[in-house]
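Okay, so here's the structure we're looking at.
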């Protein structure tokens, strides 16, 4: 994409593009988190050898993995906050 | 040439340029996302399927790789769904602490 095109846009279009870019950056961030989480959950849940489909326990583990990961994250933050108050 | 004088450019031309930019941005993002998925699949499926690299891939390793690919994509779908639904739930529960 050429950068020369940008100065030729009027202010309203520039603002619109800035908003669009912010939105796309948020999307990219979300996608990056999903890649990271998939990697983590795959390594946590898929412990056996590969076959044509997930075992029951693997499927169950994958279903719970994201929610428990986020629960852990919230728990750790809470824990650190309470430790900070004790100081 | 009218663009030399700034306001001379017809707005439909500018709109087209704007839409084209948006489209290429979206396309770049989609390509980056796909590349990231392919890299992760290779990383994780190589670890699962090619435990002892030899002079070439065996047919059972190839079978393992193709099964692993579809499983990884299924896991990716599951994680996306769980993550997006959790985010919208958290947003509903605590408005103002948006991500």
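Chains as they are written, first to last, in this note's numbering: chain A, 1 to 87; chain B, 88 to 186. Glycine included, each C-beta is placed from N, C-alpha and C at the ideal position.
(request) Taking the CB atoms as reference points, tell me whether residue 24 (chain A) and residue 110 (chain B) lie closer together than 8 Å. (result) no
(message) Output needed in chain order: residues of the segment 125-140 of chain B with a Cβ under 7 Å from some Cβ in chain A.
(response) 127, 131, 135 and 136
(request) Can you give me the Cβ contacts of residue 186 (chain B) inside the same chain, cut-off strictly under 7 Å, excluding the 5 residues immediately before and after it? (result) Per-residue confidence for residue 186 (chain B) stands at a pLDDT of 46, beneath the threshold of 50, marking its modelled position as unreliable; the derived number appears in the next sentence. Excluding residues within five positions, the ones whose Cβ falls inside 7 Å are 174.
(message) When you measure from the CB of residue 153 (chain B) to every non-hydrogen atom of the ligand COA, does any distance come out below 7 Å?
(response) The ligand COA is not among the ligands present in this structure, which contains no ligands whatsoever.
(request) Thinking residue 37 (chain A) and residue 170 (chain B) are a contact (beta carbons under 8 Å), I'd like their distance in whole angstroms, please. (result) 6 Å
(request) May I ask you to list, following chain order, the residues of the segment 145-166 of chain B that have a beta carbon less than 7 Å from some beta carbon of chain A? (result) 151, 154, 155, 158, 159, 162, 163, 165 and 166
(request) For the alpha helix (DSSP H) containing residue 154 (chain B), list its first residue and its last residue. (result) 146-180
(request) Can you grab the Cα-Cα spacing for the pair residue 141 (chain B) / residue 40 (chain A), in whole Å? (result) 28 Å
(request) Could you tell me if residue 160 (chain B) is buried or exposed, where buried requires 16 or more neighbouring beta carbons within 10 angstroms of its beta carbon? (result) exposed
(message) Below 7 Å on C-beta distance, what does residue 13 (chain A) contact in chain B?
(response) 101 and 105
(message) According to DSSP, simplified to helix, strand and coil, what is residue 11 (chain A)?
(response) helix
(message) Here's the rule: buried if 16 or more other CB atoms are within 10 angstroms of the residue's CB, otherwise exposed. What is residue 78 (chain A)?
(response) exposed
(request) Just the C-alpha distance for residue 166 (chain B) and residue 43 (chain A), rounded to the nearest angstrom, thanks. (result) 13 Å
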